[in-house]
Amino acid sequence: MNPLINMLSHASRIGVIARHAFTQLVRMKVFYFLAFFAVILIGSNFFDLPQHEGPESAGINILRSIKSWSLGAMTLFSVVLSIVATALLLPKDVEDRTLYTILAKPVPRIDYLAGKLIGVLLLVFVSLALMDVLMTGILHLRTEMVLADQMAVAEARNWPAQDVALLKSDILAQGPTASLQGAVFSVFLRATIIASMAMLISTFSSSTLFTTIISFLIYFVGHFQADARAAYFTHEAGTGDGFWLRGVALLISLVLPDFQLFNVIDAVIEGQVLPLLILGKLTLIGLFYFVFYVIASWLVFARKEF
Amino acid sequence: MTEATPAVEIRHLVKDFKTSFKRQPLRAVDDVSIRIMPGEVYGLIGPNGSGKSTTMKALLGLVAPTSGECSIFGKDSLKVDSRNEVGFLPENPYFYKHLSGEETLKFYGKLCGIKGAKLRDRVKELLELVDLEGASHRRIGGYSKGMLQRIGLAQALIQEPQLVILDEPTAGVDPVGSREIRDLIFKLRERGITVFLCSHLLEQVQEVCDHVGIIFRGKMVKEGRLEDLIAIEDQTELVMKDASPELVAEIEALIAKDGTAEHVRTGKPRTTLERLFLRETRSREETN
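Protein chains in written order, with the numbering used here: chain A, 117 to 422; chain B, 26 to 313.
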């Protein structure tokens, strides 16, 4: 077959399976969590922590609170969705024997895996996009309110124009910035890595529960990847404990992504700028682990018997 | 004249499964060979756990043979392109409950690369064939067992395959549903589609199949044309109409003199497939 036609036919099948996985998850009513998100978002408006700064900072804490709660909820929902949805789809198809009917059609196993994973990622992406729209909308309104209050205070006190401009820029930096959108995209990239990892685990696991627990554990361990890498480079090679420690550290460093890299989101909550270079680096890391885990999943799944 | 390529060719198939507790692997299929020519309806029968489903799965590439080869229309069944010409209905299938019957068929059709008007026409045609036009927009989750089997058969036929593999197509289906599926198999045979099925319902196998294989404990114990297998050469069959039970008891003595009984046909009696199956499996059970 012509390589181009072959590639298009792979892409078409992957698209069909991805659309189907997305529909399947949507019809499981997963979008109900958006109502919880809305409640969290509205609640975050009332978390006006006691502040020790001057009156010029009044309201800024609320903007930070909205971002912090929203991005925290996005992280939670995206991680849970990525792991649970991925862990659910494969074993369910095997249990219901629907996998037999799919693999009995001219469907390569890599297409099936990639389709399922892309379907889950599509769901996570749409969910994050909807949450982002809600967050950006509320944050925009609240920023406008804080800005109006502060400008009124500055005018009443006859602040110099230079100081007013500085205050305005400080407040706007806490609002819906491009860096905030970059932070949401980083949440998506992290979910991509986690979903791909859950996919790999579900190819050899025998139950949804096992995949879910192991995936959460690996997600947790992934936050210590940087420490493992440091342990590998600082410990002396040799025998005994040092040897094993280095071995485990090497394994963790190679197989798991460094989830601490995604802590840039915290800086964005504080109103700092997310440099494009960092975002590019995170994108490449996300893409690398997506491809790495999909290939590893395929190697396991291609030999699997049903 | 060159011989046609067999629709199914299984050569010396052996399949061992690793077991968790025993060191010795479990041999599910032991040196099974099957050859099905295009247009034939082949029935593979055997008790539970005899290796029927494993043989079918090996043919579909769902399990890899330990040794031996399987091919579909000359193509290695481990290769994806061999599945272009195959439709498969597994035992007790459950399709995606969130999809309607029509959506299910469209999903499988798209997987086979069928699109647009061609797909719509094909889905309509198949829904008519399996008599599910009225339930095409209902969610699969609300389908009865018989309806599930019929939509399963429709999905197996979506890409117009030349070979259909049916694993226990009437399992758990009531007699009416079972007859409907039997009628569908007849329709497939009329269309020249090769059918490879395994079933516990021996009477149905006898009705629809022209070739039969009996598999027992992983080994093929009897195989051939159904007509040849069930014919008993050293007996004579006496077929009567309106004969009372008393008359049957004395029939041989009376039949020449008694003109009230109508002699319909005299020929070679045949055992039923069920009797043959039980004889073949029981005798082997006793010897083991």
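Even for Gly, the Cβ is constructed at its ideal location relative to N, Cα and C. Keep in mind that this is a model prediction, so the values were computed, not measured.
- Shown in chain order are the members of the region 78 to 106 of chain B whose Cβ falls below 9 Å from a Cβ of chain A: 82, 85, 86, 87, 88, 89, 105 and 106.
- Annotated three-state conformation of residue 67 of chain B is strand, per DSSP.
- For the C-beta of residue 137 of chain B, the chain A residues within less than 8 Å are, from N- to C-terminus, 221 and 222.
- Under the Cβ distance rule, residue 417 of chain A does not count among the residues neighbouring chain B, no pair being separated by less than 8 Å.
- In this structure the region 202 to 213 of chain A does not touch the region 396 to 408 of chain A; the number of beta carbon pairs closer than 8 Å is below three.
- With respect to chain A, the C-beta atom of residue 67 of chain B has no partner C-beta closer than 8 Å.
- Judged by DSSP secondary structure, residue 269 of chain A falls within the alpha helix (DSSP H) whose first and last residues are 225 to 272.
- A distance below 8 Å between beta-carbons, with the five flanking residues on each side excluded, links residue 60 of chain B to the following residues of its chain, in chain order: 31, 33, 34 and 35.
- In this structure, DSSP gives residue 45 of chain B a state outside helix and strand, which the three-state scheme calls coil.
- According to the DSSP assignment, residue 245 of chain B belongs to the beta strand (DSSP E) that extends over 244 to 250.
- With three or more CB-CB distances shorter than 8 Å, the region 73 to 80 of chain B counts as touching the region 241 to 250 of chain B.
- Classified as buried, residue 259 of chain A has 16 or more neighbouring CB atoms from the shown chains inside 10 Å of its CB.
- At a beta-carbon threshold of 8 Å, the residues of chain A lying near residue 123 of chain B are 139, 140, 143 and 144, ordered along the chain.
- Scanning chain A for C-beta atoms nearer than 9 Å to the C-beta of residue 111 of chain B yields 220, 221 and 222, reported in chain order.
- Secondary structure note for residue 317 of chain A: it is in no beta strand (DSSP E), and the uninterrupted alpha helix (DSSP H) holding it is 294 to 320.
- Put simply, the CB of residue 214 of chain A is near chain B, with a gap under 8 Å to one of its CB atoms.
- For the region 192 to 218 of chain B, the set of positions with a beta-carbon nearer than 8 Å to some beta-carbon of chain A is empty.
- A/376 is the residue among A/317, A/256 and A/376 whose C-alpha sits nearest the C-alpha of residue 345 of chain A.
- Between residue 186 of chain A and residue 311 of chain A, the C-beta spacing is not below 8 Å.
- One finds 132 and 136 in chain A with Cβ atoms closer than 8 Å to the Cβ of residue 132 of chain B, taken in chain order.
- Looking only at A/373, A/378 and A/347, the smallest Cα-Cα distance to residue 363 of chain A is reached by A/347.
- Membership of residue 226 of chain B in any alpha helix (DSSP H) is not indicated, and neither H nor E is assigned to it by DSSP.
- Assignment of beta-bridge partners to residue 163 of chain B by DSSP yields no partner.
- By the rule that beta-carbons nearer than 8 Å mark a contact, residue 63 of chain B does not touch chain A.
- Residue 413 of chain A does not reach chain B, its nearest Cβ partner there being about 17 Å away, counting only Cβ pairs nearer than 7 Å.
- Chain-order list of chain A residues neighbouring residue 108 of chain B: 220, 221 and 222, by C-beta distance under 7 Å.
- As the crow flies, the alpha-carbon of residue 217 of chain B is around 14 Å from that of residue 98 of chain B.
- Beta-bridge partners assigned by DSSP to residue 52 of chain B: B/41.
- Going by DSSP, residue 120 of chain A is part of the alpha helix (DSSP H) stretching over 119 to 142.
- Inter-residue distance for residue 337 of chain A and residue 368 of chain A is about 8 Å (C-alpha atoms, whole angstroms).
- Between residue 183 of chain B and residue 151 of chain B, the CB-CB gap stays under 8 Å.
- The shortest C-alpha to C-alpha distance from residue 125 of chain A to any of B/139, B/40 and B/122 is the one to B/139.
- Taking the Cα positions, residue 366 of chain A is about 20 Å away from residue 406 of chain A.
- Under a 10 Å Cβ-count criterion, residue 268 of chain A is classified as exposed, with fewer than 16 other Cβ atoms of the shown protein chains found around its own Cβ.
- In this structure, the CA atom of residue 174 of chain B is about 11 Å from the CA atom of residue 199 of chain B.
- The DSSP assignment places 126 to 136 and 141 to 154 as complete runs of the alpha helix (DSSP H) inside the region 87 to 173 of chain B, in order along the chain (cut-off: 4 residues).
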